[in-house]
Amino acid sequence: MGEAKRRKEALGEEYGQETRFISWLPITKSQSQQFMQLTTTGAWIGIGFLIFGWLTVRFIGPAFGWWQVE
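Below is the structure:
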């Protein structure tokens, strides 16, 4: 317990607060991890829509006669 008290006295008000990702940017490490998870999920959803759109134009569209070339 002595070490915790020393650490609390040394850090003062910053004791128990999350560390920032970049010192001058008000974003914590957990917030940056959540942002990375969100953007990764969004990218995979976008890739899925891209594949679905490509399949629609490439295979389903010509099957219904939308893109007939004479």
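Going by the working numbering, the first residue of the sequence shown is number 1, and it counts up by one from there. C-beta atoms are modelled at their ideal positions from N, C-alpha and C, and glycine is treated no differently.
Give the secondary structure of Thr28 by DSSP, where H, G and I count as helix, E and B as strand, and everything else as coil.
-> strand
Backbone CA spacing between Ile22 and Ala63 [nearest angstrom] | 54 Å
Find out if the Cβ-Cβ distance for the pair Thr19, Lys8 is shorter than 7 Å.
-> no
Is Ala4 near the ligand GTP, with its Cβ less than 6 Å from a heavy atom?
-> By its list of ligands, the structure shown contains no ligand whatsoever, and the ligand GTP lies outside what it can speak to.
When DSSP builds the beta bridges, which residues end up paired with Ile45?
-> DSSP, once it has assigned bridges, lists no residue as partnering Ile45.
Could you give the residue range of the alpha helix (DSSP H) that holds Gly2?
-> Gly2 to Leu11
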